[in-house]
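If you read the sequence shown in our numbering, its first letter stands for residue 1, the second for the next number, and so on.
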Amino acid sequence: MASEPPREVSIVIPVYGSEKILAELVRQVDEVMTEKGRHYEIIFVCDQSPDQSWNVITRLAQEYETVRGILLRMNAGQHNALMAGLAQAQGEIIVTMDDDLQHAPRDIPSLVEQVENGFDVAYGRFTSRKHPLWKIVGSRINNLVAGYLMHKPMDLYLSPFRAFKAVIRDEVLRYQGPYVYVDGLILTVTRNIAQVDVAHQERHAGDSRYGLAKSLSLWMKMATNFSIVPLRITSFLGLVFAGVGFLLALVLIIQKFTLDLMPIGWSSLIVTVLIIGGVQLLAVGMVGEYLGRALLTLNARPQYVVAQRVGGDGADPGAVEQEQKSA
């Protein structure tokens with residue numbers, strides 16, 4: 001009885017500022033996947049990288065039949081770029097990873113095997129991390145918040161190094177909004193998730209461009225796209241401070257009729273006004289954030305716009321295609 005041919009694997013990699021890394025990344029992936037006898041493709045999504053990454057991707061697509069490239073017309077962000085790659089992936093199993101070789105290609109087969117064994121999704125769980133302390137702490141806080149906002153299992157570590165079935169990809173792509181958070185979308189369609197211990201390596205070259213601002217933006221996507229808890233928190237704060245205000249008013253009335261002495265001290269009054277005003281502005285800002293995202297979704301703001309594609313199906317490296325994923 002002939003053995004079943006290996007499943008085809010699509011490896012989707014957003015690219016930003018990694019021109020010196022891509023050739024080595026492809027070499028390592030090709031070495032691992034060839035050794036395992038896997039039919040695979042690599043889909044690089046160049047998110048308007050400021051360096052020569054697109055030129056490198058074009059050259060690699062000419063050298064390797066397994067390499068495809070997508071150039072976005074405008075910078076869309078990591079998760080939006082992932083959506084562009086997922087839409088083009090042809091594999092039965094899709095793997096996503098970063099472009100900096102901190103995710104070791106040798107661990108890809110382990111993630112794929114977990115999906116083949118029946119899990120819908122397999123996340124890489126790093127045994128140690130080569131990130132700055134602030135980023136490690138921020139990641140842990142993000143996981144705790146995700147557990148509360150999206151009911152994520154507390155022992156599940158969300159990482160960008162993941163593998164999942166094509167049917168999960170199809171469900172993720174049904175999301176039409178402009179603010180994409182892939183892990184949140186995955187958690188809305190399945191809880192059949194495995195974790196695999198993987199290595200976390202030093203960045204192969206250059207410096208990471210994923211700073212604090214992008215981390216905060218990702219947190220806002222998670223908080224406002226998949227939960228109304230922030231609105232409930234602001235409502236609760238408003239209720240608490242309203243209660244405190246009524247209590248203070250009651251105290252002042254009692255003092256007026258018993259001691260006939262109004263409290264002296266403008267500083268305490270100013271502090272109270274500032275606190276209450278701050279809570280009100282927080283509530284208004286949070287409501288505005290939700291309304292703004294709803295408005296952009298209704299206005300069909302695109303998740304990404306494709307300017308050019310190379311590799312696969314004989315695509316012309318110089319061809320420009322006007323494509324977009326509409327919100």
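Ideal Cβ positions, reconstructed from N, Cα and C, are used throughout, including at glycine.
Exercise. Cβ of Ala81 within 8 Å of Cβ of Val45?
Worked result: Your numbering for residue 81 matches position 81 in the sequence shown. Your numbering for residue 45 matches position 45 in the sequence shown. Contact check for Ala81 against Val45 passes: the beta carbons are separated by less than 8 Å.
Problem set entry | Rounded Cβ spacing between Tyr123 and Gln52 (contact assumed at less than 8 Å) | As a working note, residue 123 is residue 123 in the sequence shown. As a working note, residue 52 is residue 52 in the sequence shown. With 8 Å as the limit, Tyr123 and Gln52 do not qualify as a contact, their Cβ atoms being about 32 Å apart.
Exercise. Which whole runs of the alpha helix (DSSP H) in the stretch 65-114 are 4 residues long or more, in chain order?
Worked result: Runs found: 78-88.
Exercise. Do Gly91 and Ala166 have their CB atoms nearer than 8 Å?
Worked result: Sequence index remark: in the sequence shown, residue 91 carries index 91 (1-based). Sequence index remark: in the sequence shown, residue 166 carries index 166 (1-based). Between Gly91 and Ala166, the C-beta gap is smaller than 8 Å, which places the two residues in contact.
Problem set entry | Where the beta strand (DSSP E) through Ile43 begins and ends | Counting from one through the sequence shown, the residue named residue 43 turns up at place 43. Counting along the chain, Ile43 sits inside the beta strand (DSSP E) bounded by residues 39-46.
For this session: Quick one: grab the DSSP three-state call for Gln201.
Result: Position 201 of the sequence shown, counted from the first residue, corresponds to residue 201. If DSSP states are grouped into helix, strand and coil, Gln201 belongs with coil.
For this session: Grab me the residues of Gly238's own chain with a C-beta within less than 8 Å of its C-beta, minus the 5 sequence neighbours each way, in chain order.
Result: Here residue 238 is taken as the residue at index 238 of the sequence shown, counted from 1. Val279, Gln280, Ala283.
For this session: Could you check if His39 is buried or exposed, using at least 16 other CB atoms within 10 Å of its CB as the buried criterion?
Result: Within the sequence shown, the letter at position 39 stands for residue 39. Taking all protein chains in view, the Cβ of His39 is surrounded by fewer than 16 other Cβ atoms within 10 Å, so the residue is classified as exposed.
Problem set entry | Status (buried if at least 16 other CB within 10 Å, exposed otherwise) for Gln303 | As a working note, residue 303 is residue 303 in the sequence shown. Label assigned to Gln303: buried.
Exercise. So, are the CB atoms of Leu86 and Leu173 less than 8 Å apart?
Worked result: Counting from 1 along the sequence shown, the entry for residue 86 is found at position 86. Counting from 1 along the sequence shown, the entry for residue 173 is found at position 173. In this structure, the beta-carbon distance from Leu86 to Leu173 falls below 8 Å.
Exercise. Since Ile94 contacts Phe164 with CB under 8 Å, what's their CB separation in whole angstroms?
Worked result: The count along the sequence shown starts at 1 and reaches residue 94 at position 94. The count along the sequence shown starts at 1 and reaches residue 164 at position 164. Confirmed, about 6 Å.
Exercise. Alpha carbon to alpha carbon, how far is Gly77 from Asn117?
Worked result: For the purposes of this step, residue 77 is identified with residue 77 of the sequence shown, where counting begins at 1. For the purposes of this step, residue 117 is identified with residue 117 of the sequence shown, where counting begins at 1. Each residue's Cα considered, the two are about 32 Å apart.
Problem set entry | DSSP-derived helix/strand/coil call for Gln342 | With the chain represented from 1 up to 327, any question about residue 342 goes unanswered, as that position is not in the structure.
Problem set entry | Between the CA atoms of Gly243 and Tyr16 - distance to the nearest angstrom | Walking along the sequence shown from the start, residue 16 turns up at place 16. Walking along the sequence shown from the start, residue 243 turns up at place 243. Cα to Cα, the separation comes out at about 50 Å.
Problem set entry | First and last residue of the uninterrupted beta strand (DSSP E) at Glu8 | Taking the sequence shown and counting its residues from 1, the one referred to as residue 8 is at position 8. Unbroken beta strand (DSSP E) run through Glu8: 8-15.
Exercise. Taking the alpha-carbon positions, what's the Ala199 to Met154 distance?
Worked result: For the purposes of this step, residue 199 is taken as the residue at position 199 of the sequence shown. For the purposes of this step, residue 154 is taken as the residue at position 154 of the sequence shown. Cα to Cα, Ala199 sits roughly 21 Å from Met154.
Problem set entry | Arg59 (DSSP reduced to helix, strand or coil) | To locate residue 59, count along the sequence shown from 1; it is residue 59. If DSSP states are grouped into helix, strand and coil, Arg59 belongs with the helices.
For this session: Under the assumption that Val182 contacts His79 (Cβ atoms under 8 Å), give the Cβ distance between them as a whole number of angstroms.
Result: For the purposes of this step, residue 182 is taken as residue 182 along the sequence shown, with counting starting at 1. For the purposes of this step, residue 79 is taken as residue 79 along the sequence shown, with counting starting at 1. Rounded to whole angstroms, the Cβ separation of Val182 and His79 is 5 Å, and the two are in contact under 8 Å.
For this session: Could you name the residues of the same chain whose beta carbon sits closer than 7 Å to that of His151, not counting the 5 residues immediately before and after it, in chain order?
Result: On the sequence shown, position 151 is the one that residue 151 refers to. None.
For this session: Taking only the alpha-carbon atoms, compute the straight-line gap between Gln322 and Arg301 and give it to the nearest angstrom.
Result: The residue you call residue 322 lines up with position 322 of the sequence shown. The residue you call residue 301 lines up with position 301 of the sequence shown. With a pLDDT of only 40 at Gln322, under 50, the local geometry of the prediction cannot be trusted, and the value read off the model is given with reservation. So the two alpha carbons sit approximately 15 Å from each other.
Exercise. Pick from Arg125, Gly292, Thr234, Gly311: whose alpha carbon is nearest that of Ala104?
Worked result: As a first step, residue 104 must be located in the sequence shown, where it is residue number 104. Taking only the C-alpha atoms, the option nearest Ala104 is Arg125.
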